[in-house]
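Chains as they are written, first to last, in the working numbering: chain Z, 2 to 500; chain Y, 329 to 550.
The structure under discussion appears below in the form of structure tokens.
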């Protein structure tokens with residue numbers, strides 16, 4: 002009787018069933034889409050962070066960069082000094098070239114003994130120290146100053162004589178400044194750190210035996226741009242390094258943390274940062290220990306900055322960050338409001354239905370139906386209406402997610418890498434580039450890794466379970482309130498009210 | 329058998345108290361056909377609600393057989409209504425979304441019968457009131473007289489001891505009224521149940537073995 006009655010009510014009171022189901026369906030579809038997009042945004046953030054900090058890195062330890070002083074000290078400024086006899090002179094032009102390997106822009110180094118302090122902490126599974134550097138190359142042509150008359154400015158000819166020499170043959174000069182990022186890391190520590198998130202595309206990666214040797218692994222995109230390959234060489238800090246391997250980001254849609262990877266000890270020696278590192282990557286023994294481990298590390302290393310993955314996620318900016326904020330705030334609130342509205346509609350329609358069916362319930366009570374049976378009937382009807390809405394909502398939600406995935410919006414993300422990382426551009430080219438950009442001549446440079454990430458909204462079982470749960474909760478809530486109202490009808494009063 | 333002793337029922341609405349029944353003492357033996365008449369607002373429906381275990385008196389005692397209805401809880405009253413009392417209403421009170429047979433089956437739902445037995449008994453009851461061909465029709469597809477026949481089938485399908493009819497012919501024309509009264513009298517005689525009819529219609533009341541008149545909450549024998 003229960004099922005027959007329920008079926009008849011749902012079919013014959015189609016309008017009410019449709020309104021409640023549609024309201025519930027829209028709310029649940031929105032919840033599914035918002036949840037899926039939020040999961041996609043989170044995956045994208047993880048992908049971006051993974052490309053910068055490596056897979057499995059739970060915490061990073063770094064040191065805030067010192068602000069440049071008023072006198073120009075304290076900052077990461079660079080100078081290129083050339084002596085009077087620097088370069089080689091041919092046909093009145095002097096060609097000069099030099100390269101320097103210095104601490105990366107926006108980074109600050111600290112004593113590598115901090116790594117021992119970190120490793121000694123309880124709850125640390127793996128830890129690795131890295132040194133973030135920037136290699137800047139300066140090259141160009143100058144006029145031969147030794148041939149200039151006394152008191153003449155560069156390129157300025159003596160009276161009655163046309164200027165000669167220089168890049169243009171008329172006393173002019175031409176300079177190129179090129180920079181790329183270099184990451185010194187312990188070749189033996191591959192379990193955690195930037196190289197844990199890469200895929201080898203050619204050659205080999207750094208190994209324990211590379212300590213103290215001049216070998217380098219390059220970001221694949223950077224190698225393409227710079228026309229470098231395995232077996233070739235690259236000049237770093239005036240020293241030639243053999244290129245032994247090429248790597249790319251495992252996520253495939255983000256560049257790796259640095260353009261070039263070399264052994265840590267070599268990086269320290271060439272940059273004059275002996276015994277120094279700029280970041281420590283820490284993997285916690287358990288995900289539950291991350292918060293307490295952060296506290297312990299902050300206590301053990303009071304001068305350093307300790308950041309968890311969630312702290313680092315806040316450093317991601319760009320349209321990905323905007324999408325994250327949008328989904329996190331607007332999406333969530335919209336879901337809550339629509340869900341509340343759907344629940345309210347279901348409750349009001351159920352109450353309205355009970356009121357309209359006063360005579361019906363009064364009659365059923367008169368012929369012996371108990372309150373429990375009537376409450377069960379009302380709750381059952383509401384529950385099924387909610388479930389119909391739930392099923393429709395899941396279908397609409399899945400269609401919405403498919404549309405999002407078909408559109409596949411590309412989001413740009415910039416991960417602030419003050420704590421680590423380099424200057425990798427989306428295409429892998431050195432951010433410094435030719436000319437005056439990048440880290441030369443004391444200019445401040447933004448230490449960040451920018452990536453384009455295609456948003457993919459995944460649908461998980463938990464999202465479907467949440468959707469079904471909401472449909473059940475909505476149906477039961479409306480049914481419970483409607484049933485409670487029906488149970489309060491006294492048979493005599495119900496019949497009298499109709500009369 | 330009904331035994332009402334000094335039954336009073338008062339309603340309070342907007343701080344105003346109305347006494348619908350005033351110290352009614354009444355005995356209705358089993359198997360009797362009783363008609364209750366009286367003016368509107370005289371207490372007819374209230375008395376029927378006391379007899380039908382739909383309401384409890386403010387004071388006094390209502391007994392049906394060995395059960396003191398005035399002292400039972402809601403669940404036990406529902407149980408008595410489900411097993412022992414059949415109702416027929418002036419407005420038929422059929423559930424519009426259910427077919428004729430399903431409407432009759434609603435009276436059997438609280439008895440815990442199997443689907444097959446419920447369907448079988450409902451079909452038999454409908455055939456007994458002459459609606460064997462209309463079992464699958466919705467109430468809206470039936471005439472007033474046919475709807476009242478469905479309501480009567482619903483009332484008798486559980487073989488009650490008492491059949492209470494509140495103005496059963498009030499919404500019907502004369503011809504149909506007589507058909508319905510023939511049907512009710514036939515059931516009363518065949519099943520030997522107690523039939524209590526509340527009516528304004530003297531023609532209906534005259535068919536009863538016993539006639540009661542209620543006015544101002546007080547019952548008198550006619």
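The beta carbon of each residue, even a glycine, is placed where N, CA and C say it ideally should be.
Quick caveat, the model's predicted, so the values are computed rather than measured.
Inter-residue CB distance, residue i and residue j (contact presumed, cutoff 8 Å)
i, j, result
"residue 248(Z)", "residue 193(Z)", "Not a contact, Cβ separation roughly 16 Å."
"residue 543(Y)", "residue 366(Y)", "5 Å"
"residue 134(Z)", "residue 230(Z)", "With a Cβ gap of about 22 Å, residue 134(Z) and residue 230(Z) do not count as contacting."
"residue 215(Z)", "residue 178(Z)", "Not quite, the Cβ-Cβ distance comes to about 24 Å (not below 8 Å), so this is no contact."
"residue 487(Z)", "residue 368(Z)", "The pair is not a contact, with the Cβ atoms about 15 Å apart (cut-off 8 Å)."
"residue 479(Z)", "residue 348(Z)", "5 Å"
"residue 456(Z)", "residue 279(Z)", "The Cβ separation is near 32 Å, so there is no contact."
"residue 129(Z)", "residue 282(Z)", "5 Å"
"residue 441(Y)", "residue 485(Y)", "Residue 441(Y) to residue 485(Y), Cβ: 10 Å. No contact."
"residue 122(Z)", "residue 174(Z)", "Actually they do not touch by this definition, with Cβ atoms about 54 Å apart."
Beta carbon proximity, residue i to chain C, threshold 9 Å
i, result
"residue 486(Y)", "You won't find chain C in this structure, because its protein chains are Z and Y."
Below-9 Å beta-carbon distance, residue i vs any chain Z residue
i, result
"residue 489(Y)", "no"
"residue 480(Y)", "no"
"residue 347(Y)", "no"
"residue 463(Y)", "no"
"residue 336(Y)", "no"
"residue 332(Y)", "no"
"residue 550(Y)", "no"
"residue 467(Y)", "no"
"residue 377(Y)", "yes"
"residue 279(Y)", "Given that chain Y is displayed from residue 329 to residue 550, the structure contains no residue 279(Y) and the question cannot be resolved."
"residue 372(Y)", "no"
"residue 353(Y)", "no"
"residue 434(Y)", "yes"
"residue 414(Y)", "yes"
"residue 533(Y)", "no"
"residue 363(Y)", "no"
"residue 477(Y)", "no"
"residue 382(Y)", "yes"
"residue 341(Y)", "no"
"residue 539(Y)", "no"
"residue 423(Y)", "yes"
Residue(s) in a DSSP beta bridge with residue i
i, result
"residue 412(Z)", "454(Z)"
"residue 200(Z)", "249(Z)"
"residue 363(Y)", "525(Y) and 539(Y)"
"residue 455(Y)", "According to DSSP, which records beta bridges pairwise, residue 455(Y) is partnered with nothing at all."
"residue 101(Z)", "137(Z)"
"residue 231(Z)", "Beta-bridge pairing links residue 231(Z) to no other residue."
"residue 177(Z)", "140(Z)"
"residue 344(Y)", "341(Y)"
"residue 242(Z)", "235(Z)"
"residue 355(Y)", "331(Y)"
"residue 366(Z)", "According to DSSP, residue 366(Z) bridges with nothing at all."
Residue-level contact to chain Y via CB, residue i, 9 Å cutoff
i, result
"residue 459(Z)", "no"
"residue 25(Z)", "no"
"residue 350(Z)", "no"
"residue 9(Z)", "yes"
"residue 13(Z)", "yes"
"residue 491(Z)", "yes"
"residue 5(Z)", "yes"
Residue i CB to nearest heavy atom of the ligand FAD below 8 Å
i, result
"residue 411(Z)", "With respect to the ligand FAD, the structure shown offers nothing to examine, as it has no ligands at all."
Point to revise | Chain-ordered residues of the region 436 to 452 of chain Y with a beta carbon less than 9 Å from chain Z | key: 436, 437, 438, 439, 443 and 446
Check your understanding: With contact counted as at least three CB pairs below 8 Å, one residue from each stretch, are the region 404 to 414 of chain Y and the region 440 to 454 of chain Y in contact?
Key -> no
**Study point:** Residues from the region 352 to 377 of chain Z in contact with chain Y, defined by Cβ distance under 9 Å
**Key:** 358, 360, 361, 363, 364, 365, 366, 367, 368, 369, 370, 371, 372, 373 and 374
Point to revise | Residues, ordered as in the chain, of the region 497 to 531 of chain Y that lie near chain Z by beta-carbon distance below 8 Å | key: none
Review point. When the Cβ atoms of the region 28 to 39 of chain Z are set against those of the region 348 to 357 of chain Z, are three or more pairs found closer than 8 Å?
Key: no
Check your understanding: Does the count of Cβ pairs from the region 459 to 475 of chain Y and the region 330 to 342 of chain Y closer than 8 Å reach three?
Key -> no
Check your understanding: According to a CB-to-CB cut-off of less than 8 Å, which residues of the region 387 to 407 of chain Y neighbour chain Z?
Key -> 402, 403, 406 and 407
Check your understanding: Can you find at least 3 beta carbon pairs, one from the region 479 to 487 of chain Y and one from the region 386 to 402 of chain Y, that sit closer than 8 Å?
Key -> no
Check your understanding: On the three-pair Cβ rule with 8 Å, is the region 384 to 402 of chain Z touching the region 14 to 23 of chain Z?
Key -> yes
Check your understanding: Can we say the region 420 to 428 of chain Y touches the region 383 to 398 of chain Y, given the rule of at least three CB pairs closer than 8 Å?
Key -> no
Check your understanding: Between the region 362 to 377 of chain Y and the region 512 to 529 of chain Y, do three or more beta carbon pairs fall short of 8 Å?
Key -> yes
Review point. With contact counted as at least three CB pairs below 8 Å, one residue from each stretch, are the region 98 to 114 of chain Z and the region 263 to 277 of chain Z in contact?
Key: yes
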